[in-house]
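Engineer: Residue numbers (this note's numbering): 323 to 459.
Ideal placement from N, C-alpha and C gives every residue a C-beta, glycine not left out.
1. For residue 456, tell me which candidate among 431, 399, 361 has the shortest Cα-Cα distance.
2. Let's see if you can read the secondary structure: which residues bound the alpha helix (DSSP H) around residue 383?
3. Closest to residue 435 by CA distance: which of 395, 370, 403 is it?
4. Determine the burial state of residue 364: buried for a count of at least 16 other Cβ atoms within 10 Å of its Cβ, exposed for fewer.
5. Residue 434 lies in the beta strand (DSSP E); which residues open and close that run?
6. Is it buried or exposed for residue 371, if we count other Cβ within 10 angstroms and need 16 for buried?
7. Could you say which of 438, 350, 343, 358 lies nearest to residue 413 if we only look at CA atoms?
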């Protein structure tokens with residue numbers, strides 16, 4: 323399954339949605355069995371403090387990347403716990419590469435990690451627990 327095939331359930335997503343005019347339009351691509359990756363370029367409309375990418379944007383993108391790790395395996399789950407560590411300020415016009423991977427799966431609970439890099443430098447990292455839920459579309 324490719325990144326494009328899993329987006330049908332997320333057409334209005336703020337991060338990857340094709341039908342949302344405010345979406346960042348990220349396309350998460352599988353990079354092996356348990357990894358996805360995407361890149362985007364920020365802009366002034368995504369800043370918090372002057373010239374700095376808003377931390378909530380990075381948090382949402384990291385969360386979405388981890389969700390896509392599961393979606394490429396046809397697992398529909400919701401975030402139960404998300405922890406983000408910001409290591410460096412990210413200039414709002416930077417090209418940011420997001421990478422996420424599955425670290426553990428036990429029954430309907432999944433643990434994942436993700437990172438954000440700018441020019442190869444690690445700028446933020448996250449870890450999360452996702453729970454498989456009935457009725458998630």
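Structural biologist: Per the coordinate set shown:
1. 399
2. 377-393
3. 403
4. buried
5. 431-440
6. exposed
7. 438
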